[in-house]
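Q: Chains as they are written, first to last, in the numbering used here: chain A, 19 to 214; chain B, 7 to 463. Structure incoming, see below.
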């Protein structure tokens, strides 16, 4: 009986060691493939093939080190903006790469000037993370919101000009009055005719 | 009844130039105390510049407070000073002569102090420059800046023009000396010789400025009110705010004129020239404005309270029966009803009674400005607790410094320029006058066809 017990314990120990060994072999780390990301911009075209004013496409291409396109990987697109004195990434959008490794988002900047765009592919079990930047010179912007004619806009503009004119007239009158009094009194004003 | 008002000219000149003589220890003691308060306030402002507006008690739910109240209050009293003088000049009120200089000088100096609070309230004084370089035409603050600057120029002209003949008196007085005073007064007197042409030009100019300064002052305070009223914030968004502010400015301004006149009258023994009747006339004006301001307050509360708009109701509740109620009712009683009674009752309509009423009005109207600013800011616009504004020692020191700066600047000013308008007082003294009194008609009764007519010049 004692022998049987010892054999059983030995069997359990051997089996346990084998299972642990197998587990260790299965969990060995797999190095994700390094990837390369490139990003470009292009004017966005309407269905007739004409460029749409102020609208762009941001195109990112994800490939492995040997140039193989990476498919079905999410790519996030950001614009670098200054926010309360610090540069931060503002999300433009996210797209998934197709069979050619290309992910595309539409981009409509709201300010002219140079915009710095960032494309970022997060790390996965298979692929390492990758990021790249590109700049875009924007010379024309189109508001994404429909133009609304503000009520009383014309009256408001006229009011500003009118009030400014009144201020100028008052200042001119005051200064003119002071200058007239100073020069007139200084000159003696004996020759002045009474003004009714 | 024809009054004999011949005044010895030298007496008028002596009285007007009295503050320019050697000052006693009381003057220097008072000036020292006032200067100390101003210096402490200046130090507190430097501390605020370093530590930010939070050191004064400001935060996101108490972002307007005591400085905005000071700005409105001090510019308001300035308005009162200018308007009292302008109206009295235009109506040819003969009794104005001894008080116009004090009222006009008070208008300039309280305006300077009020305008300084605009900068202090801004927190970042360097941004004032952007009002000039990058003005935003739709901002009430820009127009506030323009209006206050215009009013400052107008009050300076209004103070300076009537000073010219008096400065000529000083020029003649210092003509034998070789000091800086002779050169200063010589330059400022503009070769004034009292010739008919010079007199005519001066009177025309002063009248023109007096006419112009009334609408300017009304506009300045209207623009100041629009900094509140054009906000969609409950408690401020009111159509009557412009006239409400104008009446408030006049009310507190007349009270301030009475205080300034009383203070300098007592200090320099000017009782012979500034008589109790001057206080009575000003007090009647203050009484009228008191009633008008109470009427505006009632109108404002009635229209808001009757509709009980859901956004305004919490503010009204807090103001009339909540945390701000003690202050509001203190204002109503202290600045509204008690001064009214003090002036209305003959027994208390004395110089001390009128001065007491004026002091209550000035203090109460400052409190009212705080009650306009703070509850509307503290009320939660979305949800949550009420905010509050509790002024710290920094805010109180700067406020006291502003209040001390006005009498200090006046004391300094009258060390260099006459406290009474010599030219006007001599003009008045030279003319025989028919003046109405409270108890008798100005001219003998004219009985014409059985109808008694009373003429009052």
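Cβ coordinates follow ideal geometry from the N, Cα and C atoms, glycine included. As the structure is a computational prediction, the values presented were derived from the model and not from experiment.
Any Cβ of chain A within less than 7 Å of the Cβ of residue 394 (chain B)?
A: By one-based count along the second chain, residue 394 (chain B) stands at place 388. Taking CB atoms only, residue 394 (chain B) has no neighbour in chain A less than 7 Å away.
Q: For residue 93 (chain A), write down the residues that DSSP places opposite it in a beta bridge.
A: As a first step, residue 93 (chain A) is located in the first chain; it is residue number 75 there, counting from the start. Note: residue 93 (chain A) sits in a beta bridge opposite A:113 and A:139.
Q: What is the residue span of the alpha helix (DSSP H) that residue 87 (chain A) lies within?
A: Mapped onto the first chain, residue 87 (chain A) falls at position 69. Neither: residue 87 (chain A) is in no alpha helix (DSSP H) and is coded neither H nor E.
Q: Do you know offhand how far residue 452 (chain B)'s Cα is from residue 256 (chain B)'s?
A: Taking the second chain and counting its residues from 1, one reaches residue 452 (chain B) at position 446. Taking the second chain and counting its residues from 1, one reaches residue 256 (chain B) at position 250. Confidence is the limiting factor: at residue 452 (chain B) the pLDDT is only 35, short of 50, which leaves the residue's position unreliable and the question unanswerable from this model.
Q: Check each candidate in B:101, B:250 and B:91 and name the one with the smallest Cα separation from residue 431 (chain B).
A: For the purposes of this step, residue 431 (chain B) is taken as residue 425 along the second chain, with counting starting at 1. For the residues B:101, B:250 and B:91, the minimum Cα distance to residue 431 (chain B) belongs to B:101.
Q: Would you kindly work out how many angstroms separate the C-alpha atoms of residue 9 (chain A) and residue 156 (chain A), rounded to a whole number?
A: Outside the shown range of chain A, which is 19 to 214, sits residue 9 (chain A), and nothing can be said about it.
Q: What do you get for residue 147 (chain A), buried or exposed, if any count of 16 or more other CB atoms within 10 angstroms of its CB means buried?
A: What you label residue 147 (chain A) is simply residue 129 of the first chain in a count that begins at 1. Around the CB of residue 147 (chain A), fewer than 16 other CB atoms lie within 10 Å, so the residue is classed as exposed.
Q: Report all residues from its chain with a CB closer than 7 Å to the CB of residue 167 (chain B); omit the five preceding and five following residues, and keep chain order.
A: In the second chain, residue 167 (chain B) corresponds to position 161, counting from 1. The answer, listed in chain order, is 208, 211, 212 and 215.
Q: Taking the straight line between their C-alpha atoms, what separation do you get for residue 412 (chain B) and residue 402 (chain B)?
A: Your numbering for residue 412 (chain B) matches position 406 in the second chain. Your numbering for residue 402 (chain B) matches position 396 in the second chain. Approximately 16 Å between the Cα atoms of the pair.
Q: Identify whether residue 442 (chain B) lies in helix, strand or coil by the three-state DSSP scheme.
A: Locating residue 442 (chain B) in the second chain gives position 436, where the first residue counts as 1. Confidence in residue 442 (chain B) is poor, its pLDDT being 49 and thus under 50, which makes the residue's placement unreliable; the coordinate value appears in the next sentence. Residue 442 (chain B): coil per DSSP, three-state reduction.
Q: Let me make sure I understand the geometry here. Which of B:243, B:149 and B:355 has the alpha-carbon closest to that of residue 287 (chain B)?
A: Counting from 1 along the second chain, the entry for residue 287 (chain B) is found at position 281. Comparing Cα-Cα distances from residue 287 (chain B) to each of B:243, B:149 and B:355, the minimum goes to B:355.
Q: List the endpoints of the continuous beta strand (DSSP E) containing residue 62 (chain A).
A: Position 44 of the first chain, counting from 1, holds the residue named residue 62 (chain A). It spans 53–63 - the beta strand (DSSP E) in which residue 62 (chain A) sits, taken as one unbroken run.
Q: Can you give me the C-alpha to C-alpha distance between residue 20 (chain B) and residue 179 (chain B), rounded to a whole angstrom?
A: The count along the second chain starts at 1 and reaches residue 20 (chain B) at position 14. The count along the second chain starts at 1 and reaches residue 179 (chain B) at position 173. One C-alpha to the other measures close to 12 Å.
Q: I'd like the span of the alpha helix (DSSP H) that includes residue 417 (chain B), first residue to last.
A: Counting from one through the second chain, the residue named residue 417 (chain B) turns up at place 411. Note, residue 417 (chain B): alpha helix (DSSP H), 399–419.
Q: Would you mind working out which of A:105, A:95, A:58 and A:139 sits nearest residue 89 (chain A), comparing C-alpha positions?
A: Against the first chain, residue 89 (chain A) aligns to sequence position 71. Of A:105, A:95, A:58 and A:139, the residue nearest in Cα terms is A:139.
Q: Would you say residue 195 (chain A) reaches chain B, if we count a Cβ-Cβ gap shorter than 7 Å as a contact?
A: Position 177 of the first chain, counting from 1, holds the residue named residue 195 (chain A). Closer than 7 Å: yes.
Q: Measure the CB-CB distance between residue 367 (chain B) and residue 436 (chain B) and report whether it falls below 7 Å.
A: Numbered from its first residue, the second chain carries residue 367 (chain B) at position 361. Numbered from its first residue, the second chain carries residue 436 (chain B) at position 430. Taking C-beta atoms as the reference points, residue 367 (chain B) and residue 436 (chain B) fail to come closer than 7 Å.
Q: How about residue 317 (chain B): is its C-beta nearer than 7 Å to some C-beta of chain A?
A: The residue labelled residue 317 (chain B) in the question sits at position 311 within the second chain. No, no contact with chain A.
Q: Would you say residue 519 (chain B) lies against chain A (beta-carbon separation less than 7 Å)?
A: Nothing in the structure corresponds to residue 519 (chain B), since chain B is present only between 7 and 463.
Q: Spatial neighbours of residue 340 (chain B) within its chain, please: CB distance less than 6 Å, with the 5 preceding and 5 following residues excluded, ordered by chain position.
A: Translated into the one-based positions of the second chain, residue 340 (chain B) becomes position 334. For residue 340 (chain B), where only same-chain residues beyond five positions count, the Cβ hits under 6 Å are 366 and 370.
Q: So for residue 66 (chain A), helix, strand or coil by DSSP?
A: By one-based count along the first chain, residue 66 (chain A) stands at place 48. In this structure, DSSP gives residue 66 (chain A) a state outside helix and strand, which the three-state scheme calls coil.
Q: Taking only runs of the beta strand (DSSP E) that begin and end inside the segment 80–120 of chain B, which ones reach a length of at least 3 residues, in chain order?
A: List check, beta strand (DSSP E) in window: nothing returned.
Q: Could you name each continuous beta strand (DSSP E) segment of 3 residues or more that falls completely within the segment 145–201 of chain A, going from the start of the chain to the end?
A: DSSP runs (the beta strand (DSSP E)) wholly in the segment 145–201 of chain A: 148–156.
Q: Looking at the ligand GTP, does it come within less than 6 Å of residue 248 (chain B), judged from the CB to the closest heavy atom?
A: This structure lacks the ligand GTP; in fact it carries no ligand of any kind.
Q: Can you give me the Cβ contacts of residue 43 (chain B) inside the same chain, cut-off strictly under 7 Å, excluding the 5 residues immediately before and after it?
A: In the second chain, the residue the question calls residue 43 (chain B) occupies position 37. Excluding positions up to five away in sequence, the list reads 406, 407 and 410.
Q: Residue 80 (chain A) bridges to which residues according to DSSP?
A: Taking the first chain and counting its residues from 1, the one referred to as residue 80 (chain A) is at position 62. The partner list for residue 80 (chain A) (beta bridge, DSSP) reads A:55.
Q: Is the shortest distance between the beta-carbon of residue 226 (chain B) and the beta-carbons of chain A less than 7 Å?
A: Residue numbering aside, residue 226 (chain B) sits at position 220 when the second chain is read from its first letter. Answer no: the Cβ-Cβ gap between residue 226 (chain B) and chain A never drops below 7 Å.
Q: Do the segment 378–391 of chain B and the segment 318–326 of chain B make contact, defined as three or more Cβ pairs closer than 8 Å?
A: yes
Q: Counting only beta-carbon separations shorter than 7 Å, does residue 211 (chain B) have a partner in chain A?
A: Position 205 of the second chain, counted from the start, is the residue given in the question as residue 211 (chain B). Closer than 7 Å: yes.
Q: To the nearest angstrom, how far is the alpha carbon of residue 206 (chain A) from that of residue 201 (chain B)?
A: Here residue 206 (chain A) is taken as the residue at index 188 of the first chain, counted from 1. Here residue 201 (chain B) is taken as the residue at index 195 of the second chain, counted from 1. Rounded to the nearest angstrom, the two C-alpha atoms are 7 Å apart.
Q: Would you mind working out which of A:81, A:37, A:85 and A:101 sits nearest residue 92 (chain A), comparing C-alpha positions?
A: Residue 92 (chain A) sits at position 74 when you count from the first residue of the first chain. Residue A:81 is the option with its Cα nearest to residue 92 (chain A).
Q: So what's residue 385 (chain B) in DSSP terms, helix, strand or just coil?
A: The residue you call residue 385 (chain B) lines up with position 379 of the second chain. If DSSP states are grouped into helix, strand and coil, residue 385 (chain B) belongs with coil.
Q: Give me the chain A residues within the contact set of residue 167 (chain B), using Cβ-Cβ distance strictly less than 7 Å, ordered along the chain.
A: Indexing the second chain from 1 puts residue 167 (chain B) at position 161. Contact note: residue 167 (chain B) reaches chain A through 199, using a C-beta cutoff of 7 Å and chain order.
Q: Should residue 170 (chain A) be flagged as near chain B, meaning a C-beta pair shorter than 7 Å?
A: For the purposes of this step, residue 170 (chain A) is identified with residue 152 of the first chain, where counting begins at 1. It does not: the Cβ of residue 170 (chain A) has no partner Cβ on chain B nearer than 7 Å.
Q: DSSP three-state label for residue 312 (chain B), please.
A: Within the second chain, the letter at position 306 stands for residue 312 (chain B). Helix at residue 312 (chain B).
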